[in-house]
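2 protein chains.
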Amino acid sequence: MTIGELAAVTGVSVRSLRYYERQGLIMPLRRANGYREYSPLAVETVESIKLYLNLGLTTEEIAGFLHCVLKNKEAFCAEVMPLYESKLAHIERQIQELNQLKENLRQRMEAIRQEQGQVEGQEQGMFQGQ
Amino acid sequence: MTIGELAAVTGVSVRSLRYYERQGLIMPLRRANGYREYSPLAVETVESIKLYLNLGLTTEEIAGFLHCVLKNKEAFCAEVMPLYESKLAHIERQIQELNQLKENLRQRMEAIRQEQGQVEGQEQGMFQGQ
DNA sequence: CTTGACCCTGACACTGGTGTCAGGGTTTAT
DNA sequence: ATAAACCCTGACACCAGTGTCAGGGTCAAG
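Listed in order, the protein sequences are those of chains E and L. Just so we're aligned: 69 in this note's numbering is position 69 of the first sequence, and the numbers increase by one with no gaps anywhere. Just so we're aligned: 72 in this note's numbering is position 72 of the second sequence, and the numbers increase by one with no gaps anywhere.
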């Protein structure tokens, strides 16, 4: 199948398919005219790539084990578990940071609301004096 | 004070101070030789910029209200509250997405552990409370 | 007067996946 | 034969802030 067909089937843009190739994730054959020729198995490969990208892995990370997981079950690919672990740790760090940010924001918003409440009634035109 | 001195005092790199200037956040005077001349108040300005950057605002967003908050209390600056609100909503969305990612990852890790347990026969639940 | 520390501007790199355009070849149907 | 729809490569843009280098000016102390 051509790149356009694969794109249509998988919902991944032609642009992205070429990018995946450059990242070593998928290596189609070439026709005599230079067109990429994808095997039907490429559909499964692209679906896997989508899945791992959605898990927050980068194409570079995926390249490290995609070859293996396409042939075996994930559990047989030793590269996967440590990657998942570090990714999970990273995500948990991000969540923690975001929660802190959220708390900061909320406190500041609360403070503003308090101050606005204090001047309510005497100062109506507070949106004019800037 | 010179840009190097301001950098030393605030802990912000010279490079970043020039960037803030280009973004319209701080406008030092110039000496006859072209050197930037910062007023002592610039220290406070830079500290405010740091604070808002840490809240997850962009320099462009900060530029929209910094002028006001340096002169008044935050509550007096109408631009701040909607910005905080949308930023908070954005953060909450991010947290939700990360939590979903985390759950996916955990499930996949659990599945791998199960399969590995089947093969190795002995593996006990060594990770309590996860 | 020279050296070293400091300042100036402009520009490229990086992150990571995707959009998009330019400029050109191929195929298919009319 | 021509147009439409595809394909090819290469390159710039985006986000946002920072590092870093090049190439050059300024200043103060020895």
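For every residue, glycine included, the Cβ atom is placed at its ideal position computed from N, Cα and C.
Skipping 5 residues on each side, what residues in its chain have a beta carbon closer than 6 angstroms to that of Arg36/L? Ile3, Pro28
Taking only beta carbons into account, state which residues of the region 14-27 of chain E come closer than 9 angstroms to chain L, listed in chain order. Under the 9 angstroms Cβ criterion, the region 14-27 of chain E contributes no residue.
Does the CB of Asn104/E have a neighbour CB from chain L at under 8 angstroms? yes
Between Arg108/L and chain E, is there a C-beta pair that is closer than 8 angstroms? yes
What does the alpha-carbon distance come out to for the pair Ser16/E and Glu74/E? 24 angstroms
Spell out the partners DSSP gives Leu29/E in its beta bridges. Glu37/E
Nearest-angstrom beta carbon gap, Leu101/E and Leu55/L [assumed within contact, 8 angstroms]: 7 angstroms
Whole-angstrom C-beta distance between Tyr84/L and Leu105/E, which should lie under 8 angstroms: 6 angstroms
CB-CB under 7 angstroms to Gly24/E, same chain, minus the five flanking residues each way: which ones, in chain order? Cβ contact annotation for Gly24/E (same chain, cutoff 7 angstroms, sequence separation greater than five): Ala63, in chain order.
Closer than 8 angstroms to chain L by CB, Gln116/E: With 8 angstroms as the cut-off, Gln116/E counts as an interface residue toward chain L.
In the DSSP assignment, find the alpha helix (DSSP H) that holds Cys77/L and state where it starts and stops. No alpha helix (DSSP H) holds Cys77/L; DSSP gives it neither H nor E.
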